[in-house]
Amino acid sequence: MGLSDEQARAVESSDQHNLIVALPGAGKTFTMITFIENLVQTPENKILALTFTKAAAEEMKTRIGKKVKALQRKQIHVSTFHSLIMKQTQRHPNFSGRKLINGNASERVTSHIAESYRLKVGISEEVEIKTIVTHSRTGKEYPEPKIKVKKVPFRVVSKWLLKEFIATPHHEDIEVEYDDVFPRGIEDFYQYYQDQLAKLKYWPMDVMCVEITRAMLMGDIEPINCSHLIVDEYQDVDKVQYQWIKCHGIAGTMLTVVGDDDQSVYSFRGSLGVEGMRLLQEDFKVNYHTLSICFRCGSEILKAAEHLVSFNNDRIMKNMRSEAKENGEVYLHPFNSLDEEVKHIAESLLDNIGKSRAVLARTNSELDYIESYLNLNEIECNRMNGSSIWESDHLKIYLHFVCTILQVNSSEHLTPLLVYLNESHANIIEITETLQGLGLGHLDFDTATWLELTIKLYRLCQDNWHLASTTDTENMKALIERVVNEFGNVMSKGVKEFSSLFSDIVVSTSSGTFASRIEAIEEICRRRTKKTMNEAEVVLTSFHGSKGLEWDCVWLVGLDDKNIPHKMPQVKIEDVNIEEERRLLYVAMTRARIRLSLSWIINPCKFLKESFSEEELVANI
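Here it is in structure tokens:
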């Protein structure tokens, strides 16, 4: 397959900054690979290609391997943003040697440091926050804004502030006044936070990204040495990532970014979407390219999706044309009940055996009933983007306890466990520095200043470290039960209930000693791999989870007015990002190659009412 005229023009623009806006299924990856293939013909060129996911990076590496000669592949480095920034930390003496943490582990460490600061400075557990209210709960505007004062836990306010610090490398961009809460100023709090992270040798991922970018802006870290920087899924970059990219452009690197503003669906993560594209055009002289030919969706499917997204105002106007082999079909399905909807979905899936099929919903929870119905009717399905048990935070907590007690890689587990138990920051530093990697039960400590829970843990380690060599599964289960009995007061209901499953995992993990079983579980967690996709299975995933994928037949469920546009509980509909919700539906619709089914219960959502006539919406199945 050769390049289209649009693709060829983009590939030939190698000595300029480029913004490439690509429709779904427009061959953007093919264009990027050919662009890279063209660049490596010049031996002096060093190409850095950035993606947002490991899967996308691996796919790009594979495709480059098939197109580019081995010797020339040395000129190319493909990475995710986070992996590359992690490597940059090694270039700065203050940043190297830290452990990367994310998710719940990061939140626990952050809460621990914030509480330590509160106690140090003498801030109350609850602080007063002033808010300006312009409208009543019914939406009526007040003649004059009202100032309301409410009490909020300090941990919540500190979390708000850190979120703002981490959202931008320019702290002067923070607009909210926090002076009444932080008597020493917000910079003092943030510096304390940074200092304690350094002492704990931790890097929350978002903090790492913003601090490395700040270091580049200040000249403490050099940009990556590359002649060309290529960024995939550019609509998903946030403020920090944009500044990181901009640093490289200022340093002389040629920037080529590829994305689609109509597929920007991650504003809740800070993604800039079309704003990021405008910033690039403001900051650099950019060649603008559009890949307007869709090779995936049949013309009828693309036409419906284009009409839907055209109701958005904040977007780049673009032509859309399908050159797919089939015209494609769009089916509208009104139903009176969920049972009726799911029954028809199952029948349609059976009618299309032999084709790739997917059922997509706005939220993962909507798929639970569908999954159970399909399983009961012996229709194989694959639930994508569901959390694996090996990623469970509950599992990590039990591993922290058992590994610390049995001295299995205890140096990795002791600090997060002490944070979980809310031990003081000073005591954690003293304990870990004194142990120097030894087990907690092996040294004598003065425990006078320790929390009661930490003392319990210390005694548990002294009394039970020898169980590492036991092969008696009853002893293993007894220790896990004792952990729950001793520390249940700090455990959530979910963590406590997980103990029986954790015991089952330990008992069923091969054979051998307690320690060897725990090591085996840790190894599974480290090298867990996603289930290999079986083409015959029906894929169930959310609209967000479907991004970047495609199937022959796609069924979108739950498109009724109570569900779309989606809003969280206690959130007013006017506060929902309507245009992003419309973009998300556009993304889901453009996953279909030849058959797209749209269904709802009783009343269709406003997006469907905009896009289809009343006659089409009320027609029978």
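For the record, in the sequence shown the residue sitting at position 132 is 132 according to full-length UniProt numbering, with numbers rising by one throughout. For glycine and all other residues, C-beta sits at the position ideal for the given N, C-alpha and C.
Sub-8 Å separation of residue i and residue j beta-carbons
i: residue 224; j: residue 399; result: no
i: residue 324; j: residue 294; result: yes
i: residue 150; j: residue 123; result: no
i: residue 355; j: residue 553; result: yes
i: residue 320; j: residue 292; result: yes
i: residue 83; j: residue 90; result: no
i: residue 334; j: residue 604; result: yes
i: residue 117; j: residue 165; result: no
i: residue 461; j: residue 437; result: no
i: residue 330; j: residue 306; result: no
i: residue 625; j: residue 538; result: A question about residue 625 goes unanswered here, because the residues of the chain that appear run from 1 up to 621.
i: residue 495; j: residue 413; result: no
i: residue 52; j: residue 81; result: yes
i: residue 64; j: residue 20; result: no
i: residue 419; j: residue 109; result: yes
i: residue 601; j: residue 341; result: yes
i: residue 617; j: residue 606; result: no
Buried or exposed by the 16-neighbour rule on C-beta atoms within 10 Å, applied to residue i
i: residue 449; result: exposed
i: residue 526; result: exposed
i: residue 54; result: exposed
i: residue 28; result: buried
i: residue 615; result: exposed
i: residue 25; result: buried
i: residue 425; result: buried
i: residue 269; result: exposed
i: residue 92; result: exposed
i: residue 353; result: exposed
Option in the options with minimal Cα separation from residue i
i: residue 70; options: 37, 590 and 56; result: 37
i: residue 406; options: 464, 363, 422 and 437; result: 464
i: residue 385; options: 504, 488, 547 and 478; result: 547
i: residue 429; options: 290, 13, 116 and 200; result: 200
i: residue 472; options: 452, 443 and 508; result: 508
i: residue 623; options: 259, 245, 432 and 310; result: Given a span of 1 to 621 for the chain in the structure shown, any question on residue 623 remains unanswerable.
i: residue 75; options: 58, 99, 306 and 43; result: 43
i: residue 543; options: 455, 453 and 365; result: 365
i: residue 444; options: 81, 485 and 434; result: 434
i: residue 359; options: 541, 183, 155 and 467; result: 541
i: residue 100; options: 459, 583, 125 and 202; result: 202
i: residue 45; options: 67, 14 and 21; result: 14
i: residue 339; options: 328, 222 and 367; result: 367
i: residue 315; options: 85, 618 and 263; result: 263
i: residue 517; options: 481, 612 and 402; result: 402
i: residue 229; options: 35, 561 and 609; result: 35
i: residue 23; options: 56, 596, 586 and 617; result: 586
i: residue 183; options: 154, 163 and 579; result: 154
i: residue 191; options: 493, 161, 327 and 563; result: 161
i: residue 163; options: 204, 370, 142 and 125; result: 204
Alpha-carbon to alpha-carbon, residue j and residue i
i: residue 351; j: residue 345; result: 10 Å
i: residue 103; j: residue 383; result: 22 Å
i: residue 598; j: residue 589; result: 9 Å
i: residue 304; j: residue 311; result: 12 Å
i: residue 16; j: residue 48; result: 15 Å
i: residue 267; j: residue 577; result: 9 Å
i: residue 622; j: residue 298; result: Because the chain here runs from 1 to 621, residue 622 falls outside it and cannot be looked at.
i: residue 282; j: residue 234; result: 16 Å
i: residue 486; j: residue 238; result: 44 Å
i: residue 593; j: residue 127; result: 55 Å
i: residue 483; j: residue 422; result: 16 Å
i: residue 504; j: residue 290; result: 55 Å
i: residue 499; j: residue 452; result: 22 Å
i: residue 232; j: residue 12; result: 18 Å
i: residue 431; j: residue 107; result: 22 Å
i: residue 375; j: residue 427; result: 52 Å
i: residue 79; j: residue 501; result: 37 Å
i: residue 60; j: residue 186; result: 42 Å
i: residue 613; j: residue 58; result: 44 Å
i: residue 343; j: residue 332; result: 15 Å
Contacts around residue i, its chain only, beta-carbon distance under 7 Å, and the 5 residues preceding and following it disregarded
i: residue 571; result: Low local confidence applies: a pLDDT of 48 at residue 571 is under 50, so the model's placement there is unreliable, with the coordinate-based value given in what follows. Excluding sequence neighbours, residue 571 sits near nothing in its chain.
i: residue 169; result: 210, 213, 214, 217, 240 and 243
i: residue 545; result: 384 and 385
i: residue 524; result: 390
i: residue 349; result: 357, 379 and 538
Neighbourhood of residue i by C-beta, 8 Å cutoff - its chain only, sequence neighbours within 5 removed
i: residue 470; result: 476, 513 and 514
i: residue 94; result: 198
i: residue 157; result: 127, 129, 178 and 181
6 Å Cβ shell around residue i - same chain, five flanking residues per side excluded
i: residue 18; result: 256 and 287
Residue i Cβ short of 7 Å to the ligand GDP heavy atom set
i: residue 299; result: The model on display carries no ligand, and the ligand GDP is accordingly not part of it.
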